[in-house]
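In this note's numbering, the protein residues as written are 901 to 1083.
Okay, structure coming up:
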């Protein structure tokens, strides 16, 4: 697994051992990043359920101003720390051990782009998305990777489902807050 493009292009990324982390495929990562390419410059990014941190690192490589990586697994956190350091993004990154709900309940930060790739078959997205929507900037973007059995709402607070695409056994759902006077 490597960084696809940007300032860290070609850097190899470590992944935590075991089956708990399911890295996003390069095809899916490229599709998501192409859809958001004009949104990355200067963005504050949240990589929730970060795993290896590859989505947040790709955003940093493409011009995001900073990224917060959240994961509860110590092995994942060790990989993320090594990956952000190897890519030269340690000063623009925060790597925190926490479960997603606890982090969202206590943080005061606001994000422009959020990536969510939670463990499958736990039905956590319906619980997480409203909490996350409250932490997003006006005109923010939420990107969810999930299994087809996970049915998501067309609207989460002020965020509308803008795009949904199936890639093999996964679905990418992209929510945007397009409202001018909300959030």
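Backbone N, C-alpha and C define an ideal beta-carbon position, used for all residues, glycine too.
Taking just the CA atoms, how far does residue j sit from residue i?
i            : j            : result
residue 957  : residue 949  : 14 Å
residue 1075 : residue 934  : 15 Å
residue 1009 : residue 970  : 13 Å
residue 962  : residue 1022 : 31 Å
Within a Cβ cutoff of 6 Å, which residues of the same chain sit near residue i, ignoring the five residues on either side of it in sequence?
i            : result
residue 984  : 990 and 993
residue 946  : 968, 1011 and 1014
residue 1048 : 1071
Consult DSSP for residue i and reduce its assignment to one of helix, strand or coil.
i            : result
residue 1074 : strand
residue 930  : helix
residue 1040 : strand
State the CB to CB distance for the pair residue i and residue j, rounded to an integer number of angstroms; the pair is presumed to be in contact (CB under 8 Å).
i            : j            : result
residue 1042 : residue 1000 : So it is not a contact: roughly 13 Å between Cβ atoms.
residue 1025 : residue 1052 : 6 Å
Please return the same chain residues whose Cβ sits closer than 8 Å to the Cβ of residue i, not counting the five positions on each side in sequence.
i           : result
residue 927 : 1067
Does residue i pass the burial test, meaning 16 or more other C-beta atoms within 10 Å, or should it be called exposed?
i           : result
residue 954 : buried
residue 916 : buried
Can you give me the Cβ contacts of residue i inside the same chain, cut-off strictly under 7 Å, excluding the 5 residues immediately before and after it?
i           : result
residue 902 : 910, 911, 912 and 913
residue 932 : 1043 and 1072
For residue i and chain B, any beta-carbon pair shorter than 9 Å?
i            : result
residue 1027 : Among the chains of the structure shown, chain B does not appear; only one protein chain is present.
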